[in-house]
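> Protein chains in written order, with this note's numbering: chain S, 1 to 981; chain L, 1001 to 1186.
Using N, Cα and C, we set each Cβ at its ideal position, and we do this for glycine too.
Written out as structure tokens, the structure reads:
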């Protein structure tokens, strides 16, 4: 298709032609075009269907405020719905499809909705789908959801990358129109660190859309010179294609830079978009203003758009929506569009001005005191019906109508911290209020300064003021300084279907209905009618709705108020917020020192927090995980096994008061622990509930190493720091995490000592006498490597934990495997670890579940009465110490082969199964290869006295009932003979 | 002399080096670290001891001083001491000998992985990784920061030359983040 509506001039590169497709039809364009300008140049006015009534729609605007012309951009897994054609920069091979229509844009079956518009008014859903109530979930909601929405998702993973980044500056300038450019020149020349961001790919703002001059030359020339000067300044960073989406606390601004959206394909490793967090000492909002439409009958036909947009398309993009154009305005700015289009050779059907004293023209007809009553044209505008000042009618033949109802300053970012805008009578618009985000000031049209000269001056002044610059301001280019002349005019009276919010299909009548039905607050109006919702957030519609509500309520517009503007200023893909944190990079991964070795052994890994731990080590002959785990348990208990337990938190506690400090954080005593000894410790929360358990090894009088559970390592460290800094700041104690520094392996089983004796240097005696149960010490291994040895056991076997600097962890594991061959050593994973600790009756995270006390865990006597420790007082609360309290017990099925299920509840052998008769619950369960039976741990009321009792283990949700017997929690070696061997 | 062979934090026997454009990321395992925290009332003595060890005044907030043994600030009266691994593998022992019971000293050598980032454009890489204003960091600057949700330290060795310390167990994730940022920015 040829570009029939292409005009002369503009800022497009005619030396190159770009090919693109819209709804599978091929068109051509030029670099510098947007998809909107390219479609208009090719004579395409119809670009979409409306949300609710599926009415034909075209572009209303030429910027990011566009409510109508939304498309699905690109194809396959890169398809992006609801993309505004006005912001899509043209590239070779661009492909877009219209959305929210079936089977085609020109013939849309759901346009039938428009015929039933009488029934589909505001609040329709709320009134209609009330009965029968049961239908809502099964029928109405799914039906509405199917019909609702605009574009569709590809349902495929987005293959592109998105980045996040951080930038700092003295002054962030938001918007690169005349005010922003002048502010940047002022600040940049003064040597300040400046960031100038603009959502457009071309800096210059409205200057790119106008024909007036600066310094007696073309305004765009001044823009080019200014941008060139700024580009050459090392202290100024220009960020085109960057939308500042929010003003956040402490001078932090969110900004989305579209680094790859304008490219046909992204170079490898390059992001599509970057979400910047900009730390600005000061910020200057130069976001300009948005023209507002006037509501009249059938004002939504393709070809009807904002007058300023028509001007932008003509002057910047060298295109027109039609060869014959009319203008409907309440202010002088609308006449500027007529003059510019006329100068480009476009026929002006007439300028319809509501003002009786509107300026006239020699070049075209001006209809003073007239209003547009209605329009015609099924898929695009053909005629406009005008009511003249004398009451007579006139029909204008035109393919486009430019509408200008005045300008609204873009105050959005000034309101992101709940600041309220202030009403300005001269502009009949809201301007920034007094309560701005700290450090933010406003210049140019965004501050209600509507002339070019005013914008340049306020930009320069704004920058100087923000930065505290002394001395004269730079010379300003000579520019127009035309005062505003307008008569507020929001809608044409007597219309039945005059569109206010074209994105949500909200009419003037809907606002009236909202008022009539009592939804009169602006917040209610928004929710009841959906005015101002969705991707454009009412940038072109809110003011109209407010004005009508004010009129109906007999209040002024400022009395009626506005809804709150919230970030983001324009839509942001979720992927941009996610950045690189997706898929397997969703969170950082922690690898144990033996990870690479374990991977070689074919270990199956499990995520434990950020850690990847070996869960079990399958042999080629094993087909089921239970085979591997059972083997690992049996072999460890029969000879020796090795498990990487580096993940347990290790906290170095040093200082003259280290022992006293531990005495406070653990409920059991530590002051008297001898050097060279380790003790099990239980930490309580302030409220007396168990928080975490572990061991503390005393390496010197003033030096302990505390271990925590893997899951609570960070939490316990934070807790201890809080205790140190806030509760006992007078104690001399220093903490630091050493979790990562040491590779630590549990070596467990009757042959563990024999294995270790092969690697521990001979000067260290690790016999039972020389290194008894709970001993600890610094040793050397393999000929002199510094190491730490602890004789502690989680499995219940004779066991040690040996630690070496992490870089040697891999080598140590390989050495243990090599030296252990004669003992048939086995590596074991977290599953076998879990099975063995259940067999031994050791509590773990399942039992320390945030509801249990030391008493429940069978450790009531550990809470020392001879000292004060965190949680000890509140652990004595009456409610936690009632007779019949839950106590940890062992659970075994009565019938061999039955399974014990964690999460199941314990009920008496007979009687009802309900919450009132609940006796307790199972926390951990496993198959015990040592007992050849399923076993479990759990909490049972008065559990200490109920051993031998037969009960029912039930799970009503899964229809489970198993007969179980309550036994000791210590299934293996209850006397602890093995671990002391 | 023991006979266990060390691996680097990224799991290799040799440090990994990545080059994108003009920037090089070098895994640097040849470094020993020890933390020092002054005990109560012994702050001056600790400062003196550290000062002697590094041959310079102890660094203030956001700085490192000394050489070849350096110290960087990690908290009030707390520093991390850094020295060449080859000559100071048992650095914690040396630091403890110097500070005696005036300070708590803890071996931190293998708690961290170090990546050195050098070359023109390194600032563009760092601004995708850290919220620090690295453009304002001159030689001798050291600061704590979060990179890829990991607690890290960034040291500016010279103009265009930075070291990033991150937790050793997450070396792979940190390396991935750095290299991805290099590909993105350069």
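With a threshold of 16 other CB atoms inside 10 Å of the CB of residue 727(S), please say whether the residue is buried or exposed.
Exposed, since its Cβ has fewer than 16 Cβ neighbours within 10 Å.
> Is it the case that the Cβ atoms of residue 351(S) and residue 367(S) are separated by a distance below 8 Å?
Yes, the Cβ-Cβ distance between residue 351(S) and residue 367(S) is below 8 Å.
> Going residue by residue through the stretch 1086-1133 of chain L, where are the continuous beta strand (DSSP E) segments of at least 3 residues, counting only ones entirely within it?
Whole beta strand (DSSP E) segments, 3+ residues: 1103-1107 and 1112-1118.
> Count the other C-beta atoms from every protein chain shown that fall within 10 angstroms of the C-beta of residue 496(S), then say buried if there are 16 or more, exposed otherwise.
Classification of residue 496(S): exposed, given that the 10 Å Cβ count is below 16.
> Which residue comes first and which comes last in the beta strand (DSSP E) that contains residue 152(S)?
First-last for residue 152(S): undefined, no H or E at that position.
> Cα separation between residue 1059(L) and residue 1142(L)?
Between residue 1059(L) and residue 1142(L), the C-alpha separation is close to 9 Å.
> State yes or no: is the beta carbon of residue 806(S) nearer than 8 Å to at least one beta carbon in chain L?
Yes, contact with chain L.
> Return no unless some Cβ of chain L is closer than 8 Å to the Cβ of residue 746(S).
Chain L, which has no Cβ nearer than 8 Å to the Cβ of residue 746(S), makes this no.
> Do residue 416(S) and residue 247(S) have their C-beta atoms closer together than 8 Å?
Yes, they are a contact pair.
> Using a Cβ-Cβ cut-off of 6 Å (strictly less than) and excluding sequence neighbours within five positions of residue 452(S), which residues of its own chain qualify?
Once the five neighbours on either side are set aside, the close Cβ partners of residue 452(S) are 178, 479 and 480.
> Using the C-alpha atoms, what's the distance from residue 683(S) back to residue 871(S)?
For residue 871(S) and residue 683(S), the distance between alpha carbons rounds to 8 Å.
> If we cut at 8 Å on Cβ distances, does residue 963(L) have a partner in chain S?
This structure gives no information on residue 963(L), because the portion of chain L shown stretches from 1001 to 1186.
> Which class does residue 1006(L) belong to by DSSP, given the choice of helix, strand or coil?
Looking at residue 1006(L) - three-state DSSP - the assignment turns out to be coil, as it is neither helix nor strand.
> So within the stretch 395-440 of chain S, which uninterrupted alpha helix (DSSP H) runs reach at least 4 residues, ignoring any that extend past its ends?
Those alpha helix (DSSP H) runs which fall completely within the stretch 395-440 of chain S and span 4+ residues do not exist here.
> How should residue 1073(L) be labelled, buried or exposed, when 16 other C-beta atoms within 10 angstroms of its C-beta is the threshold for buried?
Answer is buried; the Cβ neighbour count reaches 16.
> Between the stretch 629-658 of chain S and chain L, which residues of the former have a C-beta closer than 7 Å to a C-beta of the latter?
Answer set for the stretch 629-658 of chain S: 652, 654, 655 and 656.
> If we call anything under 8 Å between Cβ atoms a contact, is residue 829(S) one with residue 798(S)?
No, Cβ-Cβ distance for residue 829(S) and residue 798(S) is not below 8 Å.
> Thinking just about the alpha-carbon of each residue, which of 916(S), 843(S) and 868(S) is nearest to the one in residue 969(S)?
For residue 969(S), the nearest C-alpha among the options comes from 843(S).
> Which term fits residue 961(S), buried or exposed, when burial requires 16 or more other beta carbons within 10 angstroms of its beta carbon?
Residue 961(S) is exposed by the Cβ-count criterion.
> Residue 1167(L) touches chain S at which residues, Cβ-Cβ below 7 Å?
Those within 7 Å of residue 1167(L) in chain S are 740.
> Report the residues of the stretch 715-734 of chain S with a CB closer than 9 Å to any CB of chain L, ordered along the chain.
Listed by position, the residues of the stretch 715-734 of chain S near chain L (Cβ gap below 9 Å) are 730, 731, 732, 733 and 734.
> Kindly provide the ranges of any alpha helix (DSSP H) runs that are 4 or more residues long and lie completely inside the stretch 1010-1074 of chain L, ordered along the chain.
Listed in chain order, the complete alpha helix (DSSP H) runs (minimum 4 residues) inside the stretch 1010-1074 of chain L are 1043-1054.
> Could you name each continuous beta strand (DSSP E) segment of 3 residues or more that falls completely within the stretch 744-785 of chain S, going from the start of the chain to the end?
Fully enclosed beta strand (DSSP E) runs of 3 or longer: 776-781.
> Between residue 1069(L) and chain S, is any beta-carbon pair separated by less than 8 Å?
Not an interface residue.
> Identify which residue in 50(S), 801(S), 493(S) and 815(S) has its Cα closest to the Cα of residue 112(S).
Ranking the options by Cα distance to residue 112(S), first place goes to 50(S).
> Is the number of C-beta pairs between the stretch 281-289 of chain S and the stretch 312-327 of chain S that are closer than 8 Å three or more?
Because the criterion of three Cβ pairs below 8 Å is not met, the stretch 281-289 of chain S and the stretch 312-327 of chain S do not touch.
> Kindly indicate if chain L contains any beta-carbon less than 8 Å away from that of residue 166(S).
It does: the Cβ of residue 166(S) has a partner Cβ on chain L nearer than 8 Å.
> Compare the C-beta of residue 270(S) with all C-beta atoms of chain L and state if any pair is closer than 8 Å.
Cβ-Cβ to chain L under 8 Å: yes for residue 270(S).
> Determine the DSSP secondary structure at residue 726(S), reduced to helix, strand or coil.
If DSSP states are grouped into helix, strand and coil, residue 726(S) belongs with the helices.
> Please classify residue 299(S): does DSSP put it in a helix, a strand, or coil?
Residue 299(S) falls in the coil class under three-state DSSP.
> Helix, strand or coil for residue 619(S) per DSSP?
Residue 619(S): coil per DSSP, three-state reduction.
> Is any beta-carbon of chain L found at less than 8 Å from that of residue 782(S)?
Cβ-Cβ to chain L under 8 Å: yes for residue 782(S).
> Determine the extent of the beta strand (DSSP E) in which residue 82(S) is found, giving its start and end residues.
Its beta strand (DSSP E) spans residues 80-84.
> With a threshold of 8 Å between beta-carbons, can residue 589(S) be considered close to chain L, or not?
By this cut-off, residue 589(S) is an interface position.
> Relative to the C-alpha of residue 644(S), which candidate in 952(S), 324(S), 903(S) and 827(S) has its C-alpha closest?
Looking at the Cα atoms, 827(S) is the closest of the given residues.
> By how many angstroms is the C-alpha of residue 89(S) removed from the C-alpha of residue 500(S)?
So the two alpha carbons sit approximately 28 Å from each other.
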